[in-house]
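Protein chains in written order, with the working numbering: chain A, 2 to 336; chain B, 26 to 113.
We treat Cβ as the ideally placed atom computed from N, Cα and C, and that holds for glycine.
Please read all numbers here as calculations on a predicted model, not as lab measurements.
All remarks here apply to the structure that follows.
And the structure:
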């Protein structure tokens, strides 16, 4: 069983790499699915967009191989469906910009596999042993949670590799916590299913992170960001690690919260009259010093003197890693 | 202190503080709601007690969101003034 999972993952990874090299990097630019990196005005290079399709290709090949051997677990299938539906909505958004209200509403559809495959738990476990039996309310929370996480990651795709790196860190954190729970016998989750879910997500995320990290060879687009966000939300629910999921996602949630609460509602980047940050010809980043420019987390970071893209990426990734340790430690202490 | 390092610690502390509130907050609210039940249920009945608990929990949640936003406005204003004063 484990060998089939490992081999399926290996085959899917090779297909994923070939897909990125032969289709995304070579053909997406020809097909017009590309754009310039706005943070590198000195470069004439166009970068392929919607590279998140590679994650869906990896997952699809992995799931098809497991289906052929008739060995797939419900959790693995559920996570794949959530990721695929969110990715499809993202792909439509990449090709034809969706309305700022329609996009979050459509992502509710990505939560449906969790409800339909009965992966919704009836208990909500909170820190210090507090638990609520809320089967109906929990179902409603699931329908809200997936759009929230997918759009939080979508809004956090601010620099090369930040969204993919954050997702990879969060999924690694949830995987470590689940493994600890299984080992210490706190959880009756099947080890086979855990193994499948781990190999469904981590190699695929690692694959797109390799090509999306600074300096990006491809952008993941809304296809990737919506899919990755939905994955974190669904994994937190399926693993019953909701609070840990929120802790690992604190940075993207804070980023969305700062923008939405101070801006006063949903918005698309192209709607902004003034940019929150200014990019100089040599790629130096500066905060917009106009009082009417929108307040974003990146603008606040730049006001503290950060000026290089790499510096800001390191800033975000360091906070993510600290949140990873904070989340694991606090979960183990209070749950 | 180096401005970049200062910014890093300020933002990190604010985010971690939110994390701590998310961990401790539900238990705090849960205990308070039990206290409300013990004090009020025999006097005003279960339904009204539930309404009081709901209103109180909602108000606390809104206060949390308001303070979270306020924190970031303060951090923004602090960083903005520092930047403007250093360039002028």
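### Query
Which residues, in chain order, does the region 56 to 83 of chain B contribute to contact with chain A at a C-beta distance below 7 Å?
So nothing in the stretch comes that close.
### Query
chain A partners of residue 101 (chain B), CB-CB under 7 Å?
Locating residue 101 (chain B) in the second chain gives position 76, counting from the first residue. Neighbours of residue 101 (chain B) across chain A, judged by C-beta separation under 7 Å: 296, 301.
### Query
Does DSSP put residue 280 (chain A) in a helix, in a strand, or in coil?
As a working mapping, residue 280 (chain A) is identified with position 279 in the first chain. Of the three classes helix, strand and coil, the one that applies to residue 280 (chain A) here is strand, per DSSP.
### Task
Can you grab the Cα-Cα spacing for the pair residue 80 (chain A) / residue 64 (chain A), in whole Å?
Counting from 1 along the first chain, the entry for residue 80 (chain A) is found at position 79. Counting from 1 along the first chain, the entry for residue 64 (chain A) is found at position 63. Cα-Cα distance, rounded: 10 Å.
#### Entry: Residue-chain proximity (residue 88 (chain B), chain A), Cβ-Cβ < 8 Å
Taking the second chain and counting its residues from 1, the one referred to as residue 88 (chain B) is at position 63. Taking 8 Å as the CB threshold, residue 88 (chain B) stays off the interface with chain A.
### Task
Give me the Cα-Cα distance between residue 5 (chain A) and residue 80 (chain B), rounded to the nearest whole angstrom.
Stepping through the first chain from its first residue, residue 5 (chain A) is reached at position 4. Stepping through the second chain from its first residue, residue 80 (chain B) is reached at position 55. Their backbone Cα atoms lie some 53 Å apart in a straight line.
### Message
Using a Cβ-Cβ distance cut-off of 8 Å, determine whether residue 48 (chain B) contacts chain A.
### Response
Working through the second chain from its first residue, we reach residue 48 (chain B) at position 23. Yes, residue 48 (chain B) counts as interfacial toward chain A.
### Message
I'd like the list of long-range same chain contacts for residue 29 (chain A), defined as Cβ closer than 8 Å, with 5 residues on each side in sequence excluded.
### Response
Translated into positions along the first chain, residue 29 (chain A) becomes position 28. Only 35, 49, 50, 51, 52, 219 meet the Cβ criterion.
### Three or more C-beta pairs below 8 Å linking the region 306 to 321 of chain A and the region 154 to 168 of chain A
Cβ pair count under 8 Å is three or more, so yes.
### Task
With a threshold of 16 other CB atoms inside 10 Å of the CB of residue 256 (chain A), please say whether the residue is buried or exposed.
Locating residue 256 (chain A) in the first chain gives position 255, where the first residue counts as 1. Around the beta-carbon of residue 256 (chain A), 16 or more other beta-carbon atoms lie within 10 Å, marking it buried.
### Task
Mind listing the chain A neighbours of residue 114 (chain B)? Cutoff is C-beta to C-beta under 8 Å, in chain order.
Because chain B here runs from 26 to 113, residue 114 (chain B) falls outside it and cannot be looked at.
### Task
Can you give me the start and stop residues for the beta strand (DSSP E) that residue 132 (chain A) sits inside?
As a working note, residue 132 (chain A) is residue 131 in the first chain. From DSSP, the beta strand (DSSP E) with residue 132 (chain A) extends over 131 to 134.
### Message
For residue 90 (chain B), tell me which candidate among A:164, A:263, A:130 has the shortest Cα-Cα distance.
### Response
Taking the second chain and counting its residues from 1, one reaches residue 90 (chain B) at position 65. The residue with the shortest Cα to Cα distance from residue 90 (chain B) is A:263.
### Message
Between the alpha carbons of residue 162 (chain A) and residue 225 (chain A), how many angstroms are there, rounded?
### Response
Taking the first chain and counting its residues from 1, one reaches residue 162 (chain A) at position 161. Taking the first chain and counting its residues from 1, one reaches residue 225 (chain A) at position 224. C-alpha separation (whole angstroms): 11 Å.
### For residue 229 (chain A) and residue 164 (chain A), believed in contact at Cβ under 8 Å, the rounded distance
Position 163 of the first chain, counting from 1, holds the residue named residue 164 (chain A). Position 228 of the first chain, counting from 1, holds the residue named residue 229 (chain A). The Cβ separation is near 7 Å, so the contact holds.
### Query
Given 8 Å as the limit, is there contact between the region 67 to 82 of chain A and the region 115 to 122 of chain A, that is, 3 or more CB pairs closer than that?
Result yes; three or more Cβ-Cβ pairs closer than 8 Å.
#### Entry: DSSP bridge partner residues for residue 124 (chain A) (one or two, in chain order)
Residue numbering aside, residue 124 (chain A) sits at position 123 when the first chain is read from its first letter. For residue 124 (chain A), which the question treats as bridged, DSSP gives the partners A:134.
### Query
Quick one: does residue 305 (chain A) have its CB under 8 Å from some CB of chain B?
Taking the first residue of the first chain as position 1, residue 305 (chain A) is located at position 304. Residue 305 (chain A) belongs to the set of residues whose beta carbon lies under 8 Å from a beta carbon in chain B.
### Query
Which parts of the region 235 to 266 of chain A are runs of the alpha helix (DSSP H), unbroken and 4 residues or longer, counting only runs that do not cross its ends?
List check, alpha helix (DSSP H) in window: 243 to 249, 251 to 264.
#### Entry: Whole runs of the alpha helix (DSSP H) within the region 280 to 316 of chain A, excluding any shorter than 4 residues
Those alpha helix (DSSP H) runs which fall completely within the region 280 to 316 of chain A and span 4+ residues are 298 to 304.
### Message
I need the DSSP call for residue 48 (chain A), collapsed to helix, strand or coil.
### Response
Here residue 48 (chain A) refers to the residue found at position 47 when the first chain is read from its first residue. Residue state, collapsed to three classes: strand.
### Proximal chain B residues relative to residue 316 (chain A), where beta-carbon distance stays under 9 Å
Position 315 of the first chain, counted from the first residue, corresponds to residue 316 (chain A). When 9 Å is used as the limit between beta carbons, residue 316 (chain A) is near these residues of chain B: 29, 32, 33, 36, in chain order.
### Query
Is the beta carbon of residue 254 (chain A) less than 8 Å from the beta carbon of residue 168 (chain A)?
For the purposes of this step, residue 254 (chain A) is taken as the residue at position 253 of the first chain. For the purposes of this step, residue 168 (chain A) is taken as the residue at position 167 of the first chain. Contact flag unset, no.
### Query
Below 8 Å between beta carbons: does that hold for residue 313 (chain A) and residue 39 (chain A)?
Locating residue 313 (chain A) in the first chain gives position 312, counting from the first residue. Locating residue 39 (chain A) in the first chain gives position 38, counting from the first residue. No, Cβ-Cβ distance for residue 313 (chain A) and residue 39 (chain A) is not below 8 Å.
### Message
Just to confirm my understanding: we take residue 297 (chain A), look at its own chain, exclude 5 residues before and 5 after, and list those with CB closer than 7 Å. What are they?
### Response
One-based indexing of the first chain puts residue 297 (chain A) at position 296. Excluding the 5 residues flanking it on each side, residue 297 (chain A) has same chain C-beta neighbours closer than 7 Å at 259, 260, 277, in chain order.
### Query
If you scan the region 57 to 88 of chain B from start to end, which runs of the alpha helix (DSSP H) of 4 or more residues do you find wholly inside it?
Those alpha helix (DSSP H) runs which fall completely within the region 57 to 88 of chain B and span 4+ residues do not exist here.
### Task
Sort A:42, A:15, A:302 by Cα distance to residue 208 (chain A) and report the nearest one.
The sequence position of residue 208 (chain A) within the first chain is 207, counting from 1. Residue 208 (chain A) has its Cα closest to that of A:15, out of A:42, A:15, A:302.
### Task
Could you tell me which residues DSSP pairs with residue 37 (chain A) in its beta bridges?
Working through the first chain from its first residue, we reach residue 37 (chain A) at position 36. According to DSSP, residue 37 (chain A) bridges with A:47.
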